[in-house]
Structure formats: C-alpha cells, structure tokens
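Since the structure comes first, as structure tokens, the remarks are kept for the end.
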Amino acid sequence: MTETASLIAEATRTALDEARAAATLADLREVRVRALGRKAPMSRVRAQMGSLSEDERREIGRLLNEARGMIESALAAREGELAAREQEETLARDRIDVSAPGRRRDVGHPHPLTLMADRIVDIFIGMGFRVAEGPEVETDWYNFQALNIPPDHPARSMQDTMHVEGTDLLMRTHTSPVQVRAMQAQDPPIYVVVPGRVYRRDPFDATHSPVFQQIEGLAVDKGLSFADLKGTLAAFAREMFGPRQRVRFRPSYFQFTEPSAEVDVLCMNCEGAGCSACGRSGWIEIMGAGSVHPNVLKAVGWDPEVWSGFAFGLGVERVAMRALGVRDIRWFYENDQRFLAGFHA
Ligand SMILES: [Zn+2]
Numbered sequence: 207m208t209e210t211a212s213l214i215a216e217a218t219r220t221a222l223d224e225a226r227a228a229a230t231l232a233d234l235r236e237v238r239v240r241a242l243g244r245k246a247p248m249s250r251v252r253a254q255m256g257s258l259s260e261d262e263r264r265e266i267g268r269l270l271n272e273a274r275g276m277i278e279s280a281l282a283a284r285e286g287e288l289a290a291r292e293q294e295e296t297l298a299r300d301r302i303d304v305s306a307p308g309r310r311r312d313v314g315h316p317h318p319l320t321l322m323a324d325r326i327v328d329i330f331i332g333m334g335f336r337v338a339e340g341p342e343v344e345t346d347w348y349n350f351q352a353l354n355i356p357p358d359h360p361a362r363s364m365q366d367t368m369h370v371e372g373t374d375l376l377m378r379t380h381t382s383p384v385q386v387r388a389m390q391a392q393d394p395p396i397y398v399v400v401p402g403r404v405y406r407r408d409p410f411d412a413t414h415s416p417v418f419q420q421i422e423g424l425a426v427d428k429g430l431s432f433a434d435l436k437g438t439l440a441a442f443a444r445e446m447f448g449p450r451q452r453v454r455f456r457p458s459y460f461q462f463t464e465p466s467a468e469v470d471v472l473c474m475n476c477e478g479a480g481c482s483a484c485g486r487s488g489w490i491e492i493m494g495a496g497s498v499h500p501n502v503l504k505a506v507g508w509d510p511e512v513w514s515g516f517a518f519g520l521g522v523e524r525v526a527m528r529a530l531g532v533r534d535i536r537w538f539y540e541n542d543q544r545f546l547a548g549f550h551a
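Position 8 (the sequence shown) corresponds to 214 in the numbering used here; numbering is contiguous.
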C-alpha cells in the first residue's frame, strides 16, 4: 500500500518534470504516452487494483485520480506555452517585410548600335524625312548600275562584294540601292532616310567588320542645291553632337553624286582644338555626301532638268565609335554584357 503510493508519487513527479522540459508539441505528446498510456506505471497499478481490499482500492483510486489530474493540467499548461511559441516562430519566419527593397530584375535593353541608329534616324524624321527600307540581297543593277557604276568600273573593286553562290545576286555593299527602289516606288519629290545592314569582304578587326550598318539619306525636289545639303547636315550635327557643332566639307568622289564631299564634324573629344583622337586636326570624318548624279535620276526616269537633290550616307558603327569613345568595332558584336550594359538608354 505505502509502496504503491510512493510509486504513484514518483511517477507523478517524473511526468511533471518531463512535461515542463518538453521542447516541442511532439515531445509533449510522448510525455503524455509515457505518463498516462497503457504501459505507464500508473496504468499497471490500476490494472492490479482487483486484488486489493475495498479500503485500499478507494485510497489508491483517489491517489491515481489526483495524480492524473495534476499531470493533465501540467501537460495542458505546457501545451499552451509551446503552441504560442511555435505560432510566433511561424509568424516570424513567414513575415513579409513590405518596406524591404525589391529584388532588382534585369530587363533587356536595346543594343548601343540600335540606340545610335534610332537617334540618327529620329533627327532626320524631325526634319521631314520618312524611313525607307529594302532587301539585303540585291541585284547588280540596283547595287551598282542604277547608281552610275557600270560593269567593270574600277569603283566596284573598292567595295569588295560578296556574291550569292550560284546566282546573279549579291549582298548589298551599301544602302544606296534603296534610294533607287524608293524613287521607283513613287513620284518626286522624295525625302527618305534608309537604315540597314550592308556587307563587304572586309576582315573582322578593330576597325573593320564584314557586316555593318549604314544610314543613307536622299532628298529630290525642285530647286534643291548643294547649299540645302550643307544646311541639312549642319542641322543634323548640332542635333546629334551639340549646339556648337559645325560641319566641314572636303571634295571627294562618289559615282552616284556630283559634286561629292567627305563631311567632317568638330572632334567630340577636343571640340576642334586638336587631340590624339582626331589626329591633331580638330575634325573627324562622319559621312560622305553630294548632289544626286543626273544619271541616277535618269535611271528611274526622272528628268534631271526638272528635279535635283542630294544624298548622304554614314556608317553607324563608325559614328558610334567616335561619339561613344569605343576603340574596337568588334566590341559591338561580341555581346559582352559588361560592355553593352554601359549604354542603357
Ligand atoms: Zn580632337
């Protein structure tokens, strides 16, 4: 009897200690099984009560009920504590900090050559030109003959041409054939600007690429003169490179313009003072231009006695290299993100 009472007291103490020490709700469930389950010491005592006298049964029964009550309330108290703590932890773990800075997501952006070409084209659109485009695979007539470059003319060897094998077609060596196509497609007057890729058998080195981009302009109207060309390009240079810009024309020669000129602008680096970037001259060449050759107008059936005009063409890479201080044309094509990312719009 005394032995049984102390067994109950001992089992109760153990259960209360374990309940207080339980670290999680799962631990606490195990404590409950050990203290009150079928194999628990107190359950064994209860199972043997049939062999006791009535007085003993009543006394042990009272002790067992008392013990169970204490253990149940200890388990309930600890369960309350643990549940509150686990909820706090869950809330802390899942909390969203609405004031935290967002994760930066890189979106794509236009290639620096695209940005440059768009900027140039937009300036001419602002002056009343419209955009014209044409095929990159051309016939000899559009690429050469209609532009006053007959077969076997030495000017052809200056632009080493890529031919399309097994055909009479070629990869256009300049955007000028689009001048011809644009004139064929409408009646004069015409004001077009022509962006596009061109192809030449050039090496791929710091200053050459077998594929590059040109922007070509053509204006044909009544009474257009070389002065209109000069005024148009001076306005372009100021818009493109700054209000203090100037243009300089040097005599040159192209088959499809007469007279022809190389066009220089003030060096963006030294603004005309002379530096290593401009070979100490203060000027850098950005394009070729001239009055439209009468033979080009005749090729599309326009009367050169009535209509006159001017044309100009520039290499987008070359202008971009000078304007952006890029020393190697290959950087534009190798698509190294460290380079490209420097030219966000
Ligand atoms: Zn300079």
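A virtual CB, placed ideally from N, CA and C, is assigned to each residue, including glycine.
(message) Is A483 a contact residue of ligand 1, with contact defined as CB to any heavy atom under 7 Å?
(response) Along the sequence shown, read from residue 1 onward, the residue named residue 483 stands at position 277. Under cutoff, so the answer is yes.
(request) With a threshold of 16 other CB atoms inside 10 Å of the CB of I302, please say whether the residue is buried or exposed. (result) One-based indexing of the sequence shown puts residue 302 at position 96. Residue burial is scored here from C-beta neighbours: I302 has fewer than 16 other C-beta atoms within 10 angstroms and is therefore classed as exposed.
(message) Tell me whether G480, by its Cβ, gets closer than 7 Å to a heavy atom of ligand 1.
(response) Working through the sequence shown from its first residue, we reach residue 480 at position 274. In this structure, ligand 1 has a non-hydrogen atom nearer than 7 Å to the beta-carbon of G480.
(message) Is E464 close to chain B? Criterion is C-beta to C-beta, closer than 8 Å.
(response) The structure shown contains no chain B; it holds only a single protein chain.
(request) Could you spell out the range, first to last residue, of the alpha helix (DSSP H) harbouring Q351? (result) Position 145 of the sequence shown holds residue 351. Per DSSP, Q351 is not a residue of any alpha helix (DSSP H), being assigned neither H nor E.
(message) Between N541 and ligand 1, is there a pair consisting of the residue's CB and a ligand heavy atom that are separated by less than 7 Å?
(response) Position 335 of the sequence shown holds residue 541. No, the beta carbon of N541 sits no closer than 7 Å to any heavy atom of ligand 1.
(request) Please confirm whether any heavy atom of ligand 1 lies closer than 7 Å to the CB of G488. (result) Your numbering for residue 488 matches position 282 in the sequence shown. It does: the Cβ of G488 is within 7 Å (strictly closer) of some heavy atom of ligand 1.
(message) Closer than 8 Å is the cut-off here; do at least three beta carbon pairs connect the stretch 489-501 with the stretch 511-521?
(response) Pairwise C-beta distances place the stretch 489-501 in contact with the stretch 511-521, as three or more of them are shorter than 8 Å.
(message) For a quick check, are the C-beta atoms of E422 and V384 less than 8 Å apart?
(response) To locate residue 422, count along the sequence shown from 1; it is residue 216. To locate residue 384, count along the sequence shown from 1; it is residue 178. In this structure, V384 lies closer than 8 Å to E422 by Cβ.
(message) Tell me which residue opens and which closes the beta strand (DSSP E) that G402 is part of.
(response) Against the sequence shown, residue 402 aligns to sequence position 196. Counting along the chain, the beta strand (DSSP E) containing G402 begins and ends at 396-405.
(request) Look at the Cβ atom of M255, then the Cβ atom of I266, and state whether they are nearer than 8 Å. (result) By 1-based counting over the sequence shown, the position of residue 255 is 49. By 1-based counting over the sequence shown, the position of residue 266 is 60. For the pair M255 and I266, the CB atoms are nearer than the 8 Å cut-off.
(message) At 4 residues or longer, what runs of the alpha helix (DSSP H) sit wholly inside the stretch 224-300?
(response) DSSP assignment within the stretch 224-300 yields the following whole alpha helix (DSSP H) runs of 4 residues or more, N-terminal first: 231-242, 247-253, 260-300.
(request) Please confirm whether any heavy atom of ligand 1 lies closer than 7 Å to the CB of N501. (result) Here the question's residue 501 lines up with position 295 in the sequence shown. For ligand 1, not one heavy atom lies less than 7 Å from the Cβ of N501.
(request) Quickly, what does DSSP pair D470 with across the bridge? List them, please. (result) Within the sequence shown, the letter at position 264 stands for residue 470. Beta bridge pairing from DSSP links D470 with R454, E491.
(request) Compute every distance between the C-beta of N475 and the non-hydrogen atoms of ligand 1, then say whether any falls below 7 Å. (result) Locating residue 475 in the sequence shown gives position 269, counting from the first residue. The answer is yes for N475.
(request) Taking all protein chains shown into account, decide if R284 is buried (16 or more other Cβ within 10 angstroms of its Cβ) or exposed. (result) Here residue 284 corresponds to residue number 78 of the sequence shown, with the count starting at 1. Its Cβ being crowded by 16 or more others within 10 Å, R284 is buried.
(message) Tell me whether R406, by its Cβ, gets closer than 7 Å to a heavy atom of ligand 2.
(response) Looking for ligand 2 in the displayed structure turns up nothing; the ligands present are ligand 1.
(request) Could you check what DSSP says for P318 in three-state terms: helix, strand or coil? (result) Here the question's residue 318 lines up with position 112 in the sequence shown. In the three-state DSSP reduction, P318 falls in the helix class (H, G or I).
(request) Report yes if the C-beta distance between T413 and I535 is below 8 Å; otherwise report no. (result) As a first step, residue 413 is located in the sequence shown; it is residue number 207 there, counting from the start. As a first step, residue 535 is located in the sequence shown; it is residue number 329 there, counting from the start. Yes, these two residues count as a Cβ contact at 8 Å.
(message) Between which two residues does the beta strand (DSSP E) holding D427 run?
(response) The sequence position of residue 427 within the sequence shown is 221, counting from 1. Counted as a single uninterrupted DSSP element, the beta strand (DSSP E) harbouring D427 occupies residues 417-427.
(request) Provide the residue(s) that pair with T463 in DSSP beta bridges, ordered along the chain. (result) Residue 463 sits at position 257 when you count from the first residue of the sequence shown. In DSSP, T463 forms a bridge with F460, V498.
(request) Could you tell me the distance, in whole angstroms, from the CA atom of S415 to the CA atom of E523? (result) Within the sequence shown, residue 415 is the residue found at index 209, counting from 1. Within the sequence shown, residue 523 is the residue found at index 317, counting from 1. C-alpha separation (whole angstroms): 9 Å.
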